[in-house]
Each structure stands twice: as C-alpha cells, then as structure tokens.
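Colleague:
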Amino acid sequence: MNRAFSRKKDKTWMHTPEALSKHFIPYNAKFLGSTEVEQPKGTEVVRDAVRKLKFARHIKKSEGQKIPKVELQISIYGVKILEPKTKAEEITLTIGQAFDLAYRKFLESGGKDVETRKQIAGLQKRIQDLEKENMELKNKVHDLENKLRITQVSTSPAGSVTPKSSSTDIFDMIPFSPVSHQSSIPTRNGTQPPPVPSRSAEIKRDLFGAEPFDPFNCGAGDFPPDIQSKLDEMQGFKMGLTLEGTVFCLDPLDSRC
C-alpha cells in the first residue's frame, strides 16, 4: 500500500465516509475567482494561485466591488461551487477529503489489478517479441529454400550421368556389337516384343542364289569330283610341270637369255 495513504490512515475526519460517498457536505465561502496554473497538483502551485487571486481581489475591493459568496458541495465525485441563491453550478473541483476517499476507493477496487495489469503488459510484450522472432525464422527458412533450389538447379547438369557415346573407327563407323538388337528395343506398355527367330541355321544367298563371300572362311571346301580334279590340275599347273625329273618353271625368262 502507498506510504502516503498509510500515513493518512490514522487521521480522524470530520465526516463519515458514507456522507461523502452517498451525499455531499455543503459549505458557504467567499469566491475569490479562478486562475490558470502550470500543474494540476502541488501545494506550492495552490499557494501561488491563491496569492494571485487575493491580489486581484484587493484591487477589485478598492474599486468598490464586493466579494461574491458561494456554496460548496463536497463529495467523492468532486466539489461543486454554487451561487447560494439560485444554486447555479459554476465550476467543479477535487480537493481535500473527497480526493482522499476517491483515492482509497481506487485502491480497494482497481488497485488490486495493478500487478495483474503489469503481468498482462509483460505477456503482451513477450507475445510481440515471439511473433517478431517467428517472422524472422520464417524469412530465414524461405531464404534457405531458395538457396537450396538454386544450388540444385546449378549442380544437376554436372551431376547427371550422360550416356557415353560409342567409339568409332577411322571411317567413323560404329563397330560391330555382339549384343542382339532385341535387347536394345524398349518395352512398350510393360510387354516384351516378340522374339526374333534365329537365322544362324539359314543359308544366306544373294540375288543369284550363290552364297555370299566370307573373308573369314578361306579354307578348302567340299566340291564335286569333277570340279575338284580341275582345281588340282590348276594347282599343279601353277606350281610347274615335271618331266623326267626336270622342273620347268613358268616364271618369265631373263631378258639376257
């Protein structure tokens, strides 16, 4: 509890709290006037204001003017200054016991919530800080995702495996591969293509019915007897003729002979 309030707690007031809270206390007084002050509270401020009003009142009194009388109605809601005859309200102020009771009422009702309000204010500040931190984290995550996406795009061509081109010979021809052509045919709709019949047993012939020339198969073949005998004669004629132990060569003779 406030120290100033605890010091005033031991004071004995002239009126009961109920009289000021439910009703008002009337007083008759002389109205010196009103003036503006720099601050709305403080003893020195009130003294300076009263000194100015008294000085102005003396001037008016010397001129023959009388000091008007008013009625003060004091309650916890303020001070009403009324003209005593017509009871017309001129101004409302807060002074003395009314202010003390109003302050006590504030402590009894709203003063208990001061700590709660402080805690609420602290929680609101904490919530704002967390929201700001959450927004910063979202921005960082967004930036990292963009950097990762850019990195993946830049490294994908270098990291991808490109098919290796098959080597070619001096004539820019692709060498023969023993792999069957059937293995290179892709499947369609999950089904394998029909098998290609083997042609190894078939006899390959050209347009005239003759077997094609095979440079890798130069061995002697099986020929009919008449053809074989002619081939033997041709082979002997190429090697030379033998008569009585003398070999006659068909090589060209020397020009000197």
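Just so it is clear: in the sequence shown, position 22 is 22 by UniProt numbering, and no numbers are missing.
Cβ atoms here follow ideal geometry from the backbone N, Cα and C, with glycine treated the same way.
Predicted model, so just to flag it, every value in this text is computed and none were measured.
Look up Y103 in the DSSP assignment and give the residues it is bridged to.
Modeller: In the DSSP output, where bridge partners are listed per residue, Y103 has none listed.
Colleague: Compute the distance between the beta-carbons of V70 and F31, then report whether it is under 8 angstroms.
Modeller: yes
Colleague: CB-CB under 8 angstroms to A19, same chain, minus the five flanking residues each way: which ones, in chain order?
Modeller: Taken in chain order, the residues that qualify are I25.
Colleague: Can you tell which of N139, D100, N28, K125 has its C-alpha closest to the C-alpha of I67?
Modeller: The shortest Cα separation from I67 among N139, D100, N28, K125 belongs to N28.
Colleague: In the DSSP assignment, find the alpha helix (DSSP H) that holds I59 and state where it starts and stops.
Modeller: Under the DSSP assignment, I59 falls in the alpha helix (DSSP H) whose first and last residues are 43-62.
Colleague: Among P84, D100, G33, F55, whose alpha-carbon lies nearest the alpha-carbon of T12?
Modeller: D100
Colleague: What do you reckon, are the CB atoms on R57 and G33 nearer than 8 angstroms?
Modeller: yes
Colleague: Within 10 angstroms of the Cβ of I76, are there 16 or more other Cβ atoms? Answer buried if so, exposed if not.
Modeller: buried
Colleague: How many angstroms separate the CA atom of A49 from the CA atom of E38?
Modeller: 10 angstroms
Colleague: So the alpha helix (DSSP H) E18 belongs to, where does it begin and stop?
Modeller: Segment 17-22, the alpha helix (DSSP H) holding E18.
Colleague: When the Cα atoms are used, what is the spatial distance from L84 to E108?
Modeller: Residue identity differs from the one stated: residue 84 is Pro in this sequence, not Leu. Their backbone Cα atoms lie some 35 angstroms apart in a straight line.
Colleague: What would DSSP say about I227, mapped onto helix, strand or coil?
Modeller: helix
Colleague: Let me know the secondary structure DSSP gives L32 once reduced to three states.
Modeller: coil
Colleague: Hey, how far is the Cα of I59 from the Cα of Q65?
Modeller: Spanning the two alpha carbons is a distance of roughly 9 angstroms.
Colleague: Does the distance from the C-beta atom of K52 to that of T35 stay below 8 angstroms?
Modeller: Cβ distance < 8 angstroms, so K52 and T35 count as in contact.
Colleague: Can you give me the Cβ contacts of H142 inside the same chain, cut-off strictly under 7 angstroms, excluding the 5 residues immediately before and after it?
Modeller: none
Colleague: Taking the DSSP output, what are the residues bridged to G78?
Modeller: S75
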